[in-house]
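Here's the structure we're looking at; comments come further down.
Residue numbers (the working numbering), protein chains in the order written: chain A, 1 to 155; chain B, 1001 to 1158.
If you want it as structure tokens, here you go:
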């Protein structure tokens, strides 16, 4: 189990796809959690990522494309305990494809970890049509908020 | 040029170096810039892309409430890095300080600036407060989320 005492990028995923209705098509890494028909969970280590005890700003960032310009997707940050997922926050976007450039979707929230709190990112295809979301990349970042900022060196 | 390096800690602060963390519409322009700079043989590497607001707070404190010289004039929330609209590229030459802006290195910086400006981006080398590595989206403030002030407080744990 990865315990993130050092914060930074918790994980990154490339190449996953998310079909409507949540039937996740595996990309490099993709998994569908039992009981959730809508979300595809993107998780590099199959869901065993913990935050160290304390308060963290957690930020999920995804670049994705869809087949048509009016498709919609949501990006969630979730916490997990004993396999139960709680969506903490989400951002939503319609028309993910803009001028052929992969759109970005960002979601962030503050999570206070007990030291056992696991975090993950979830992307949901909100369309009832047949659009497929292709995740170009997704990153989950954690930034500690409890400590005073250290003195920076020369950047 | 590597554009998807993992984050690392420098002097206790997180440096995110993955260009993928930049936001639309800057992201693709930044990637193009990095690729073209490499194609033209310009010796640069990505130093920083997205920046946590807590990191910006630490930068702003230096030379004000913390020892050292001032390194930024941007208060937390006021750097394009915090919103995914800026990258810092530094020199990547053996034995050369990555921030070397001496006459012998200035040609590289100038060519980088020209490449960036040809894409409609702003280059910190043109500013009065010179910041040669810095490249940002023009009018990036217009692309910040509407609730950006609220987000800044949130990001600082308030």
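Note that CB positions come from ideal geometry on N, CA and C, so glycine has one too.
As the structure is a prediction and not an experimental result, all values here were calculated from the model.
- A Cβ of chain B is located within less than 8 angstroms of the beta carbon of residue 8 of chain A.
- At least one CB of chain A lies nearer than 8 angstroms to the CB of residue 1018 of chain B.
- Excluding five sequence positions before and after residue 108 of chain A, the CB atoms of its chain that fall closer than 8 angstroms to its own CB belong to 57, 58, 59, 60, 77, 89, given in chain order.
- With its beta carbon at least 8 angstroms from every one in chain A, residue 1150 of chain B lies outside the interface.
- Residue 137 of chain A reaches chain B at 1020, counting residues in chain order whose Cβ is nearer than 7 angstroms.
- Exclusion of the five residues before and after residue 1030 of chain B leaves 1019, 1022, 1087 as the residues of its chain whose Cβ lies within less than 6 angstroms of its Cβ.
- In the DSSP annotation of this structure, residue 1045 of chain B is not part of any alpha helix (DSSP H); the continuous beta strand (DSSP E) holding it starts and ends at 1044–1048.
- A direct Cα-Cα distance of roughly 8 angstroms separates residue 1111 of chain B from residue 1042 of chain B.
- When secondary structure is reduced to three states using DSSP, residue 1126 of chain B falls in the helix class.
- The shortest CA-to-CA distance from residue 1121 of chain B to any of B/1061, B/1049, B/1076, B/1026 is the one to B/1026.
- Taking a Cβ-Cβ threshold of 9 angstroms, none of the residues of chain A is close to residue 1032 of chain B; the smallest such distance is about 11 angstroms.
- Around the beta carbon of residue 1136 of chain B, 16 or more other beta carbons lie within 10 angstroms, which makes this residue buried.
- According to the DSSP assignment, residue 1008 of chain B belongs to the beta strand (DSSP E) that extends over 1008–1010.
- Three or more beta-carbon pairs drawn from the stretch 1071–1091 of chain B and the stretch 1040–1060 of chain B are found closer than 8 angstroms, and the two stretches are therefore classed as touching.
- DSSP places residue 64 of chain A in the strand class (E or B) of the three-state scheme.
- Take the alpha-carbon of residue 1061 of chain B and the one of residue 1071 of chain B: they are about 9 angstroms apart.
- Interface with chain B (8 angstroms Cβ-Cβ cutoff): residue 63 of chain A is included.
- In this chain, the beta strand (DSSP E) harbouring residue 50 of chain A covers 49–51.
- A residue is called buried when at least 16 other Cβ atoms come within 10 angstroms of its Cβ; residue 1145 of chain B does not meet this threshold and is exposed.
- Close CB contacts of residue 1083 of chain B within its chain, under the 6 angstroms cut and outside five residues either way in sequence, are with 1144 (chain order).
- One finds 110 in chain A with Cβ atoms closer than 7 angstroms to the Cβ of residue 1154 of chain B, taken in chain order.
- Annotation: the continuous alpha helix (DSSP H) that includes residue 1056 of chain B extends over 1053–1061.
- Residue 1107 of chain B carries a helical assignment under DSSP once its states are collapsed to helix, strand and coil.
- In this structure, residue 1113 of chain B places its C-beta atom within 8 angstroms of the C-beta atom of residue 1126 of chain B.
- Around the beta carbon of residue 1032 of chain B, fewer than 16 other beta carbons lie within 10 angstroms, which makes this residue exposed.
- Judged by their CB atoms, residue 52 of chain A and residue 115 of chain A are nearer to each other than the 8 angstroms cut-off.
- For residue 1054 of chain B, a Cβ of chain A is located within less than 8 angstroms of the residue's own Cβ.
- Annotation: residue 1064 of chain B has no Cβ neighbours in chain A at a cutoff of 8 angstroms; minimum Cβ distance is about 12 angstroms.
- Taking 8 angstroms as the cut-off, the Cβ atoms of residue 135 of chain A and residue 123 of chain A count as close.
- At least one CB of chain A lies nearer than 8 angstroms to the CB of residue 1014 of chain B.
- Between the alpha carbons of residue 1158 of chain B and residue 111 of chain A lies a distance of about 13 angstroms.
- Partner residues in the beta bridge of residue 105 of chain A, as assigned by DSSP, are A/62.
- Secondary structure note for residue 1030 of chain B: its alpha helix (DSSP H) is the uninterrupted segment 1026–1039.
- Residue 1080 of chain B carries a helical assignment under DSSP once its states are collapsed to helix, strand and coil.
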